[in-house]
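Heads up: take any position in the sequence shown, counting from 1, add 1, and you land on my numbering. Note sheet for the following structure.
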Amino acid sequence: GKGNLYFVAGDGNIYHLKPDGSLIWKYEVEGNPRFFYSYPAISDETLYVINEKAGVLFAIGEKSKELVK
C-alpha cells in the first residue's frame, strides 16, 4: 500500500510496516542473514533484497510471501 515501509533490520529480518508503524509481515531469513548491504527494491509486487556476503538475491512475493532465491 501507499506509504508502507520495507526494511532489513539489524536482527537480519525483513519487515513490512504500515505508515502508522503496525506490522504487516516479518520475514525471518534462514542462515546468517545479518549481511544485507542493500536497500530493498520493489517491482511487480515482489520485494528484492541482496545479501552481498552470501551472493544471494532474495525475492519475496508481496501476495504469496514466498521466498525465491
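Quick reminder that beta carbons are idealized off the backbone N, C-alpha and C, glycines included. Given the structure is predicted, the values throughout are model-derived calculations rather than measurements.
**Request:** Please classify Y40: is it buried, with 16 or more other beta-carbons within 10 angstroms of its beta-carbon, or exposed?
**Result:** exposed
**Request:** Identify every residue that forms a DSSP beta bridge with I43.
**Result:** L48
**Request:** Taking all protein chains shown into account, decide if I61 is buried (16 or more other Cβ within 10 angstroms of its Cβ) or exposed.
**Result:** buried
**Message:** Could you tell me the alpha carbon to alpha carbon distance between L48 and I15, rounded to whole angstroms?
**Reply:** 10 Å
**Asked** Smallest Cα separation from A10: which of K3, P20, E29 and G56?
**Response** E29
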